[in-house]
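Have a look at the structure below, then the notes.
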């Protein structure tokens with residue numbers, strides 16, 4: 007494992023315990039067209055510092071990370087580990103009234119993980135097998151929490167941020183108001199006021215240290231302290247990258263197809279009396295049925311009749327490259343899309359009711375904007391100003407912007423220049439939809455923050471939840487003899503907790519300075535009872551080495 011962890015290194019990545027590279031130096035030395043394929047291609051890989059500790063500084067009067075002097079880059083050491091952690095929730099109990107854990111309960115669940123991360127940041131002596139030596143040696147191993155990969159709801163839970171419905175703090179990354187997603191200004195990236203991670207961390211500790219003012223501080227700062235804030239180097243708004251799977255596939259793509267195209271009636275009849283089999287919706291489904299997908303596409307894109315049902319993120323992902331052709335075939339008149347307006351439909355139809363409902367939502371947002379920063383001399387917004395535009399050609403052109411930007415950001419060879427183009431396309435797409443009075447979800451704004459995380463972590467596939475959730479699916483599909491709804495997982499968890507408690511007791515017994523015969527007998531009995539414990543694995547590995555003639559058998563009862 008130690009040798010496999012060094013395969014990423016290039017000619018310039020020497021193990022010399024040198025200083026970390028700064029973010030500015032990375033930008034100065036990086037070619038804008040160079041691909042950012044691996045996580046080691048981003049600037050966040052080489053700025054990780056070994057041995058950091060989080061605490062209170064008397065000099066600055068605030069909380070932060072203490073960096074050792076001189077600083078040493080984690081990736082320029084032999085035994086440095088960079089962690090990316092995915093946290094997801096599932097129903098773990100079959101019976102009883104299941105409820106989500108509150109903040110205190112959730113912190114208690116994560117406390118063992120956080121303790122290990124804190125210890126690894128300081129350095130932990132471990133037995134590391136090395137091929138060159140042919141045996142395991144005790145080495146000082148350091149770890150650093152590089153990223154926490156979460157969907158947006160889990161990100162709110164683990165970072166302590168307020169919910170998406172909050173007007174002032176709906177975005178984890180900047181201070182944009184929620185109501186601004188109804189106007190083009192809500193998607194102009196160059197005007198974003200990004201959150202300062204150090205001030206954000208200080209606001210968390212202010213919440214922690216003032217129990218009697220927590221409600222006021224939570225509303226004022228939009229955040230609260232969580233157990234992960236003990237880990238050095240972790241800042242919620244910089245260490246939790248935008249998850250392309252949930253923000254785009256099940257976020258903006260689903261919203262575009264489900265809400266803006268289907269529910270609003272953009273694929274309805276283009277004129278009264280149009281034959282049903284010639285309507286855009288029928289053409290769309292016929293075109294989709296003729297598509298032949300590659301063998302690796304295990305989930306085919308949904309037809310129009312299934313977009314409102316449970317659709318996998320992979321299905322939405324595979325639909326995006328097909329949308330330009332399918333929409334063109336659905337709306338074309340001959341070889342061109344006509345410059346017409348799609349009829350709003352009869353007042354009794356679902357499409358018309360959807361248009362009225364979304365117009366009211368847009369109106370609510372714009373009224374809040376008018377109250378916050380509107381000019382008193384300007385007339386207040388009205389419902390008539392918020393009806394969606396039905397012009398077909400601009401709508402199709404904007405869909406092309408989205409599909410192009412989506413493809414660029416998911417490219418494994420994405421670069422600084424292509425990421426800039428992608429953000430420009432997505433920003434212009436969302437701004438145009440807002441100008442056309444379409445109601446957009448918060449994901450359209452959150453997705454415009456992905457450029458900075460592409461620079462830090464590489465292409466979007468390095469920081470999305472797809473691979474993590476696929477691993478969860480493998481565990482869920484494990485044979486469980488008919489025990490569903492978390493029964494198997496609960497049994498495994500109980501066994502794990504019992505084993506950890508036995509190991510804790512065993513370590514306390516082994517730490518006795520002068521053990522009696524009774525103590526030694528108890529230790530031996532516990533060791534023999536732990537048939538699947540770490541002691542058995544240690545002895546089995548040592549036995550294999552002795553039988554192979556690689557080492558001389560030296561036995562002890564200490565657990566490493």
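In my numbering, the protein residues as written are 7 to 566. A virtual CB, placed ideally from N, CA and C, is assigned to each residue, including glycine. For clarity, every value in this text was computed on a predicted model and none was experimentally measured.
Discussion item. Would you call the segment 334–343 in contact with the segment 311–322, where contact means no fewer than 3 C-beta pairs closer than 8 angstroms?
Written reply: no
Worksheet item: Around the Cβ of residue 176, are there at least 16 other Cβ atoms within 10 angstroms (buried) or fewer (exposed)?
Response: buried
Worksheet item: Mind checking residue 11: buried by the 16 CB within 10 Å criterion, or exposed?
Response: exposed
Practice prompt. Assign residue 198 to one of three DSSP states: helix, strand, or coil.
Written response: coil
Worksheet item: When DSSP builds the beta bridges, which residues end up paired with residue 142?
Response: 135
Worksheet item: For residue 251, which residues from the same chain have a beta carbon less than 6 angstroms from its beta carbon, with the 5 sequence-adjacent residues on both sides left out?
Response: Here the set comprises 319, 470, 471 and 472.
Item to complete: Please name the residue or residues paired with residue 61 in a DSSP beta bridge.
Response: 70
Worksheet item: Do residue 412 and residue 258 have their C-beta atoms within less than 9 angstroms of each other?
Response: In this structure, residue 412 lies near residue 258, with their beta-carbon atoms less than 9 angstroms apart.
Worksheet item: So is residue 107 buried or exposed if we call it buried at 16+ other beta carbons inside 10 Å?
Response: exposed
Practice prompt. Go ahead and pull the three-state DSSP assignment for residue 81.
Written response: helix
Discussion item. To the nearest angstrom, how far is the alpha carbon of residue 15 from that of residue 512?
Written reply: 40 angstroms
Worksheet item: Which one or two residues does DSSP pair with residue 339 in a beta bridge?
Response: 342
Practice prompt. For the beta strand (DSSP E) holding residue 568, just list the boundary residues, first then last.
Written response: An answer regarding residue 568 cannot be provided, because it is not within the stretch 7 to 566 covered by the chain.
Worksheet item: Short check: CB of residue 23 to CB of residue 78, under 9 angstroms?
Response: yes
Worksheet item: At what residues does the alpha helix (DSSP H) containing residue 244 begin and finish?
Response: 242–245
Worksheet item: DSSP state of residue 252, grouped into three classes?
Response: helix
Discussion item. Does residue 413 come out as helix, strand or coil in the three-state DSSP assignment?
Written reply: helix
Discussion item. Between the segment 438–448 and the segment 362–377, can you find at least three pairs of beta-carbon atoms closer than 8 angstroms?
Written reply: yes
Practice prompt. Measure the Cβ-Cβ separation of residue 94 and residue 520 and say whether it is below 9 angstroms.
Written response: Not closer than 9 angstroms, so no.
Worksheet item: Any idea what DSSP makes of residue 24, helix, strand or coil?
Response: coil
Worksheet entry | N-terminal and C-terminal residue of the alpha helix (DSSP H) that residue 528 is part of | 523–535
Worksheet item: Can you give the beta carbon distance from residue 238 to residue 59, rounded, assuming they're within the 8 angstroms contact cut?
Response: Right, their Cβ atoms sit about 6 angstroms apart.
Worksheet item: Looking at residue 230 and residue 214, is the spacing between their C-beta atoms short of 9 angstroms?
Response: yes
Discussion item. Out of 75, 8 and 298, which one is the CA nearest neighbour of residue 86?
Written reply: 8
Worksheet item: Going by beta carbon distance, what residues of the same chain come within less than 7 angstroms of residue 182, once the five residues before and after it are set aside?
Response: Excluding sequence neighbours, residue 182 sits near 192, 198 and 451.
Worksheet entry | The alpha helix (DSSP H) enclosing residue 177, as first and last residue numbers | Neither: residue 177 is in no alpha helix (DSSP H) and is coded neither H nor E.
Practice prompt. Could you check the C-alpha separation between residue 346 and residue 402 for me, to the nearest Å?
Written response: 12 angstroms
Worksheet entry | With 16 other Cβ atoms within 10 Å as the buried cut-off, status of residue 359 | Counting every other CB atom within 10 Å of its CB across the protein chains shown gives residue 359 a total below 16, marking it as exposed.
Item to complete: Tell me, to the nearest whole angstrom, how far the beta carbon of residue 261 is from that of residue 121; I am working on the premise that it is less than 8 angstroms.
Response: With 8 angstroms as the limit, residue 261 and residue 121 do not qualify as a contact, their Cβ atoms being about 40 angstroms apart.
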